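Working notes, beginning with the structure itself.
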Amino acid sequence: MAMRGIGWIDGLLDDARGAYQRLAARERLAVTALAVALGLFIVLGGSYLLLSEISELGEQSHAMRRALIELERYREPYLQAQQQQQALAQRIPAVALELNEFLEGAASAAGVKIDESYETQAAEVGLYLRSGLEVKLRKVTIGALGKLLRRIAATPQHLVQIRELGVSTRWGRPDELDVELVVATYSRRPPKPATGAGAPREGG
Numbered sequence: 011m012a013m014r015g016i017g018w019i020d021g022l023l024d025d026a027r028g029a030y031q032r033l034a035a036r037e038r039l040a041v042t043a044l045a046v047a048l049g050l051f052i053v054l055g056g057s058y059l060l061l062s063e064i065s066e067l068g069e070q071s072h073a074m075r076r077a078l079i080e081l082e083r084y085r086e087p088y089l090q091a092q093q094q095q096q097a098l099a100q101r102i103p104a105v106a107l108e109l110n111e112f113l114e115g116a117a118s119a120a121g122v123k124i125d126e127s128y129e130t131q132a133a134e135v136g137l138y139l140r141s142g143l144e145v146k147l148r149k150v151t152i153g154a155l156g157k158l159l160r161r162i163a164a165t166p167q168h169l170v171q172i173r174e175l176g177v178s179t180r181w182g183r184p185d186e187l188d189v190e191l192v193v194a195t196y197s198r199r200p201p202k203p204a205t206g207a208g209a210p211r212e213g214g
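Spelled out as structure tokens, the structure:
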């Protein structure tokens, strides 16, 4: 079967050669020019496609190099930010700090008396729950206020934040200050109860 196929191809080639030889000189020249032009078109077209692919590969390689450079550039700041976030998360407990007790101790150590205190409304902040305490102080010196603020801010075990601070002087007594401040602390937000098909049904 293969020999018959080869013979058929040889026959076609012989017919083509015979037809070419029967052409006039001018017709042979035209056919030859057409064949050369077709060959050049194929070669040039293939070269163009090859060069296009090489150029595209070069652009992709350049883009990959730039991406790697950018990744290396931001790698260290990203790792530092991640470490800071982990350290901060360790300071946020599951149970919130008792602010009343904490502020009473800080005020006593700074020689300050808390005249009034009110709990502020708790608020969800991302994955955490923020609770706060509004505190009012009367006749406080600048030095005592500075000690109190440093003690509040320098708590290593918990994240405590002074969110608001208002200071007013007394008439004729510039060394005595009336102070209002809002102190906040954070705890992990408890998981919300499941809803929908996966929620447990009441009554069994």
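Our numbering applies: residue 11 is where the sequence shown begins, and numbers increase by one.
Note that beta-carbon positions come from the ideal geometry of N, C-alpha and C, so glycine has one too.
Please read all numbers here as calculations on a predicted model, not as lab measurements.
1) Please check the pair Leu107 and Thr195, which I expect to be a contact at CB under 8 Å, by giving their CB distance rounded to whole angstroms.
2) Beta-carbon separation of Ser127 and Lys146 under 9 Å?
3) Looking at the secondary structure, which residues open and close the beta strand (DSSP E) in which Arg160 lies?
4) Out of Ala154, Arg140, Ile162, which has the shortest C-alpha to C-alpha gap to Ala120?
5) Looking only at C-alpha atoms, which of Ile152, Arg148, Gly156, Ser197 sits nearest to Leu169?
6) Select from Gln171, Glu69, Ile124 the residue whose C-alpha is nearest the C-alpha of Lys6.
7) Can you tell which of Ile172, Glu69, Arg83 has the C-alpha that lies nearest to the C-alpha of Glu144?
8) On the CB-based measure, 16 or more other CB atoms within 10 Å of its CB, does Ile152 come out buried or exposed?
9) Tell me the DSSP bridge mates of Ser197?
With the given structure in hand:
1) Leu107 to Thr195, Cβ: 5 Å. Contact.
2) In this structure, Lys146 lies closer than 9 Å to Ser127 by Cβ.
3) Per DSSP, Arg160 lies in no beta strand (DSSP E); the unbroken alpha helix (DSSP H) holding it starts and ends at 152–163.
4) For Ala120, the closest C-alpha among the options Ala154, Arg140, Ile162 is that of Ala154.
5) Leu169 has its Cα closest to that of Ser197, out of Ile152, Arg148, Gly156, Ser197.
6) Examination of residue 6 is not possible in this model, given that the chain is present from 11 through 214 alone.
7) Checking every option, the nearest Cα to that of Glu144 belongs to Ile172.
8) Per the 10 Å Cβ criterion, exposed.
9) Answer is Leu139, bridged to Ser197.
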